[in-house]
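A.B. asks: To start, I am sharing the structure in question, which I have written as structure tokens.
Residue numbers (the working numbering): -15 to 277.
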């Protein structure tokens, strides 16, 4: 397929590279041109503007937040003004449910189609084309872009015809991951203060009751105190918890643990954690307990 790809951070760059490897005709755009140039050797074409990335059958966006996505969609020469009739905007960004609802209506009003397809997986999974895609949208649009999902991930979960469903699931998933990070940090601080080596403790946990990848991945980062470079930066984690709380408020669903996590992320950011991986939240309990790194 002839597609565009907008947003070449760690995740976006890896996803675009895998689309190229799968034989798709990919035109890339990024505010920092050097990230786009890095993909030229793999066959990518570079767009000088957002509009130039919108000439194909579909365009991916993989951007940091609602504001960044809205600027690309609604700005001069943005997606709404530049995508062709019937073309598909695939949003893989982790955005609010409210923005997803808005984009669904706006794209439909100008004869375009909108699919929400946020992904689960860290940069290493993106590089290996092992992401999990949570997709929602009109069935014909989903069918048309399924080959693209197969190029970037190991499995696609279709969650319904309303794109916002995929965004709600993504936010709920990130809330659960953050809950694991916080609880692991607290448990590790408890046993370490009592004289148990945290690496031995993690080995026991992940070899018995908690063998899921999320415990192994984040438990390892917390035990090693390895928070740089950030695979998923702490401000993005704080943003996702804030959006989960907003979704809960809109649906009248109390999320008391999410309220706690919001404050934990704010504590991390207040103490200079902007450049750290969001798993650094798991080290706060050790500091609270007076443990040295």
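Note that beta-carbon positions come from the ideal geometry of N, C-alpha and C, so glycine has one too.
Computed from a predicted model, the values in this text were never measured in an experiment.
Let's test the definition: count the other Cβ atoms within 10 Å of the Cβ of residue 192 and tell me whether it reaches 16, buried, or not, exposed.
C.D. replies: By the neighbour-count rule (16 or more Cβ atoms within 10 Å), residue 192 is not buried but exposed.
A.B. asks: Since residue 116 is in the beta strand (DSSP E), which residue starts that stretch and which ends it?
C.D. replies: Its beta strand (DSSP E) spans residues 115 to 119.
A.B. asks: If you reduce the DSSP assignment to three classes, tell me which class residue 139 lands in.
C.D. replies: Correct three-state label for residue 139: strand.
A.B. asks: When you compare only the Cα positions, how much space is there between residue 48 and residue 72?
C.D. replies: Near 20 angstroms, if we compare the C-alpha coordinates of residue 72 and residue 48.
A.B. asks: If you check the beta carbons only, do residue 221 and residue 171 fall under 8 angstroms apart?
C.D. replies: Their beta carbons are not under 8 angstroms apart, which means residue 221 does not touch residue 171 by this criterion.
A.B. asks: Please return the same chain residues whose Cβ sits closer than 7 angstroms to the Cβ of residue 224, not counting the five positions on each side in sequence.
C.D. replies: Around residue 224: 78, 155 and 158.
A.B. asks: Compute the Euclidean distance between the alpha carbons of residue 120 and residue 175, then round it to the nearest angstrom.
C.D. replies: Near 42 angstroms, if we compare the C-alpha coordinates of residue 175 and residue 120.
A.B. asks: Helix or strand or just coil, what does DSSP make of residue 248?
C.D. replies: DSSP places residue 248 in helix when its eight states are reduced to three.
A.B. asks: Is the segment 256 to 272 in contact with the segment 204 to 220, if contact means three or more CB pairs nearer than 8 angstroms?
C.D. replies: Because the criterion of three Cβ pairs below 8 angstroms is met, the segment 256 to 272 and the segment 204 to 220 touch.
A.B. asks: Checking 8 angstroms against the spacing of the C-beta atoms, do residue 173 and residue 239 come in under that value?
C.D. replies: Cβ atoms of residue 173 and residue 239: not closer than 8 angstroms.
A.B. asks: Quick one: what does DSSP say residue 19 is sitting in, helix, strand or coil?
C.D. replies: Here residue 19 sits in helix by DSSP.
A.B. asks: Nearest-angstrom Cα distance between residue 233 and residue 97?
C.D. replies: Computed Cα separation, rounded: 28 angstroms.
A.B. asks: Short check: CB of residue -15 to CB of residue 132, under 8 angstroms?
C.D. replies: Yes, they are a contact pair.
A.B. asks: Where does residue 54 fall in DSSP's three states?
C.D. replies: Residue 54 falls in the helix class under three-state DSSP.
A.B. asks: For residue 166, count neighbouring Cβ atoms within 10 angstroms of its own Cβ and tell me buried if that reaches 16, exposed if not.
C.D. replies: By the neighbour-count rule (16 or more Cβ atoms within 10 Å), residue 166 is buried.
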